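Number of protein chains: 2
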Amino acid sequence: MSKTLPSVESDVTQMIERLRSGDVRALARAVSLVENDAPSATEVLSTCFPFSGRALRIGVTGAPGVGKSTIVDKLARHYRGAGVTVGVIAVDPTSPFTGGAILGDRIRMQENLGDPGFYVRSMATRGSLGGLARTTADVASVIEASGKDVILIETVGVGQDEIDIVRLSDVTIVVLVPGMGDDVQSLKAGIMEIADLFVVNKADREGADRVEKEVRAMQSLATSHGDWIPPVVKTIASTGEGIDRLTDAIAQMKQWLEADGRLEVRRRKYWRERITEMMRNALMRELREHGLSDVELDALAERVASKQEDPYRLVPELVARVVRA
Amino acid sequence: MSKTLPSVESDVTQMIERLRSGDVRALARAVSLVENDAPSATEVLSTCFPFSGRALRIGVTGAPGVGKSTIVDKLARHYRGAGVTVGVIAVDPTSPFTGGAILGDRIRMQENLGDPGFYVRSMATRGSLGGLARTTADVASVIEASGKDVILIETVGVGQDEIDIVRLSDVTIVVLVPGMGDDVQSLKAGIMEIADLFVVNKADREGADRVEKEVRAMQSLATSHGDWIPPVVKTIASTGEGIDRLTDAIAQMKQWLEADGRLEVRRRKYWRERITEMMRNALMRELREHGLSDVELDALAERVASKQEDPYRLVPELVARVVRA
Chain G
1 MSKTLPSVES DVTQMIERLR SGDVRALARA VSLVENDAPS ATEVLSTCFP FSGRALRIGV
61 TGAPGVGKST IVDKLARHYR GAGVTVGVIA VDPTSPFTGG AILGDRIRMQ ENLGDPGFYV
121 RSMATRGSLG GLARTTADVA SVIEASGKDV ILIETVGVGQ DEIDIVRLSD VTIVVLVPGM
181 GDDVQSLKAG IMEIADLFVV NKADREGADR VEKEVRAMQS LATSHGDWIP PVVKTIASTG
241 EGIDRLTDAI AQMKQWLEAD GRLEVRRRKY WRERITEMMR NALMRELREH GLSDVELDAL
301 AERVASKQED PYRLVPELVA RVVRA
Chain A
1 MSKTLPSVES DVTQMIERLR SGDVRALARA VSLVENDAPS ATEVLSTCFP FSGRALRIGV
61 TGAPGVGKST IVDKLARHYR GAGVTVGVIA VDPTSPFTGG AILGDRIRMQ ENLGDPGFYV
121 RSMATRGSLG GLARTTADVA SVIEASGKDV ILIETVGVGQ DEIDIVRLSD VTIVVLVPGM
181 GDDVQSLKAG IMEIADLFVV NKADREGADR VEKEVRAMQS LATSHGDWIP PVVKTIASTG
241 EGIDRLTDAI AQMKQWLEAD GRLEVRRRKY WRERITEMMR NALMRELREH GLSDVELDAL
301 AERVASKQED PYRLVPELVA RVVRA
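Residue numbers (UniProt numbering), protein chains in the order written: chain G, 1 to 325; chain A, 1 to 325.
And the structure:
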């Protein structure tokens, strides 16, 4: 592998240079390499790294059907109108039930725009735990390296996956709608805590004021967010109403983050988690490559399932195989 | 540490003996040790291991407010009435908004029952990724070692956390209700795929037939579950209506699982994942103990956040510290 590295490196260097000079194909190729965890993915990320971290990352989450895609589209158009370059990462599930639709819309959206200051990428949820959040983070870094000013990260649903994904963001927007059946109270625990901004979308529907009141009531119960009290912004994304108030709120949040080094603190915390996770993955790869093959793992699982082997004694022995004495 | 091991071992052995002879306090203590990841937790799990794996694990998941707790309570009462011993693990969030209530109810439930064939344990979600699924699995093993025939595992919500938790089960029940606002279509991807049984609870409400039809329609689109077609059972858990049909469906599923070694296949798959995860955690512990302190990690995160250090080059170096050459 070390023999082929120089050539990969120069390929990658060229690709990233093209990506940085605005070549959309080079960007798409780099993103694909990272998304598919190709052999050169680490080289791509390492080469992009010095040029990443300059964009404002905005995460948008909320239950299915609240209008996240529409909000993201309107935000993207607003920023483009103001000359701000935008990347969008739409994280979609690959469920056979809902898989293709959003991806299709996004592809159309990109085709219609044909704008070099705008890049959109749909990503599919894979089975692997935590893997999607990692890949989203890496893809965001690559898109940032292409010089985008704002990265919008949109998730489907409000589960732990989504919480992990939006935690990558500098600003996290939680979208609610009136009359969800679902009370605000029944929102997945953890979602309230990560919100920097609440949007009550479809605010022309009955009950918008009630949703806002409920959010306020919860905030009064919640542990403090420091001196930032997440604002509640009402929108009707389909008509664009309230999008200007939302971009104002985002700008205020950005200002607050940039004051007193708060953004640095967030990003330091973010990198702490990322480094830990990268190490965890790298260690597992070592174990799989040098210690424990798939076939052996299958055989062990069978012996454990049939009570012939105690996993609590087995695992320390396996770990000892790869770890220095 | 090796010096104190004999005494811990004999303590643990005694505790597990008492636990196995029906001592509820010993059971509660053992569960606490495992839940809190105490130094003796591995010894507890190792000692319980030969006596675990005999219960039928039933996972119950669904959106907040669909009546999961009521269903679990009715199932528990039904089984107790039939002389079947029952353990319940209720996995609750520690959110400041919804934290304490369910736990409180559960404690009352246990006090009221005062039945040695019944044990209930509430568990709180922690921040750590995947950690709760692991702890739930371990706690289930300990409760199984006390000789319970059925373990009911109930989650709050339907996110990735919950999917990970109910994947530990032999039988997974997904609870729906009519008029959720939420369509069945908008259910978190992944939930449909893990369901072995659907319950349409509050079936006296308008729209119960529609929910059933929607589930059926989705099933016709879904990838096959083998030759098991997840049945849809209508219940009104608050009055107990339909609980007998539900226990019948569970019994049928159990029969199906036990035929042709399907249960063994599921459990082998389960242990494959568990062993992998246990190794991942053990490797991280090694790294933290021998390679990288918290203080050092903080310093690295700061250098990475300020672009002084490339994490993609750093991590392989860190991993090399603990891994054999």
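Note that the Cβ used here is the ideal one computed from N, Cα and C, for glycine as well.
All values reported here derive from a predicted model rather than from experimental measurement.
Below 8 Å on the Cβ atoms is my guess for residue i versus residue j; work out the distance and round it to an integer in Å.
i: G240/G; j: K74/G; result: 6 Å
i: T155/A; j: V91/A; result: 5 Å
i: V88/G; j: A76/G; result: 6 Å
i: V171/G; j: M253/G; result: 5 Å
i: I153/A; j: R54/A; result: The Cβ separation is near 16 Å, so there is no contact.
i: T235/A; j: E162/A; result: Incorrect: roughly 20 Å between the Cβ atoms, too far for contact.
i: R272/G; j: L297/A; result: 6 Å
i: L132/A; j: G59/A; result: Actually they are not in contact, since the Cβ atoms of L132/A and G59/A sit about 13 Å apart, beyond 8 Å.
i: A63/G; j: V319/A; result: Not really, about 39 Å apart at Cβ, beyond 8 Å.
i: L45/A; j: V34/A; result: 6 Å
Are there 16 or more other CB atoms within 10 angstroms of the CB of residue i, so buried, or fewer, so exposed?
i: S146/G; result: buried
i: V295/A; result: exposed
i: I229/A; result: exposed
i: G114/G; result: exposed
i: N201/G; result: buried
i: R267/A; result: buried
i: V238/G; result: Looking at the sequence itself, residue 238/G is Ser, so the reference to Val does not match. Its Cβ having fewer than 16 others within 10 Å, S238/G is exposed.
i: T70/A; result: buried
i: residue 330/A; result: Shown here, chain A extends from 1 to 325; a query on residue 330/A therefore has no answer.
i: R321/A; result: exposed
i: D11/A; result: exposed
i: G81/A; result: exposed
i: R313/A; result: exposed
i: D196/G; result: buried
i: L13/A; result: A small fix is needed here, since residue 13/A is Thr in this sequence, not Leu. Exposed is the call here.
i: R324/A; result: exposed
i: D204/A; result: exposed
i: Y79/A; result: buried
i: G179/A; result: exposed
i: E43/A; result: buried
i: M15/A; result: buried
i: T164/A; result: Rather than Thr, the amino acid found at residue 164/A in this sequence is Asp. Buried: at least 16 other Cβ atoms inside 10 Å.
i: S306/A; result: exposed
i: E289/A; result: exposed
i: R285/G; result: exposed
i: A101/G; result: Its pLDDT being 43, under 50, A101/G is placed unreliably in this model, and the coordinates cannot settle the point.
i: Q308/A; result: exposed
i: M148/A; result: It is worth fixing the name first, because residue 148/A is Lys in this sequence and not Met. When all chains shown are included, K148/A counts as buried.
i: S21/A; result: exposed
i: S122/A; result: buried
i: P17/G; result: It should be pointed out that residue 17/G corresponds to Glu in this sequence rather than to Pro. The residue is exposed, with fewer than 16 neighbouring Cβ atoms inside 10 Å.
With DSSP as the reference, identify every bridge partner of residue i, one or two as the case may be.
i: R57/G; result: I151/G
i: K213/A; result: Beta-bridge pairing links K213/A to no other residue.
i: M123/G; result: V91/G
i: T172/G; result: G59/G
i: K234/G; result: V200/G
i: F51/A; result: According to DSSP, which records beta bridges pairwise, F51/A is partnered with nothing at all.
i: E241/A; result: I236/A
i: V86/G; result: F118/G and V150/G
i: V295/G; result: Its beta-bridge partners do not exist; DSSP assigns none.
i: V323/A; result: V323/G
Can you check whether the C-beta of residue i is within less than 8 Å of a C-beta belonging to chain B?
i: R18/G; result: Note that chain B does not occur in the displayed structure, where the protein chains are G and A.
Exercise for the section: Evaluate the contact criterion for the stretch 40-57 of chain G versus the stretch 138-148 of chain G: three or more CB pairs, one atom per stretch, below 8 Å. Expected result: Contact check between the stretch 40-57 of chain G and the stretch 138-148 of chain G: three or more CB pairs, one atom from each, fall below 8 Å, which counts as touching.
Exercise for the section: Decide yes or no for the touch test of the stretch 206-220 of chain A against the stretch 14-26 of chain A: beta carbon pairs closer than 8 Å, at least 3 of them. Expected result: Contact between the stretch 206-220 of chain A and the stretch 14-26 of chain A is absent: fewer than 3 CB-CB pairs across the two stretches fall below 8 Å.
Practice task
Return the residues of the stretch 286-315 of chain A that lie within a Cβ-Cβ distance of less than 8 Å from chain G, sorted by chain order.
Solution key: Within the stretch 286-315 of chain A, the qualifying residues are E286, L287, H290, L292, L297, D298, L300, A301, E302, V304, A305, S306, K307, D310, P311, Y312, R313, L314 and V315.
Exercise for the section: Please confirm if the stretch 294-313 of chain G is in contact with the stretch 274-293 of chain A, defined as three or more CB-CB distances below 8 Å between the two stretches. Expected result: Counting Cβ pairs under 8 Å, three or more are found: they touch.
Exercise for the section: Select from the stretch 33-57 of chain G all residues with a C-beta closer than 7 Å to any C-beta belonging to chain A, and list them in chain order. Expected result: Flagged, chain order: T42, L45, S46, F49, P50 and G53.
Handout entry: Residues of the stretch 257-290 of chain G with Cβ closer than 8 Å to any Cβ of chain A, in chain order
Key = Those residues of the stretch 257-290 of chain G that come within reach of chain A (Cβ to Cβ, closer than 8 Å) are E264, R267, R268, K269, Y270, W271, R272, R274, I275, T276, M278, M279, R280, A282, L283, M284, E286, L287 and H290.
Problem - Interfacial residues, the stretch 233-251 of chain G to chain A, with Cβ spacing under 9 Å - result: Residues: none.
Practice task
Please determine if the stretch 251-265 of chain G and the stretch 246-254 of chain A are in contact, where contact requires at least 3 C-beta pairs separated by less than 8 Å.
Solution key: The stretch 251-265 of chain G, when compared against the stretch 246-254 of chain A, does not touch it at the 8 Å Cβ threshold.
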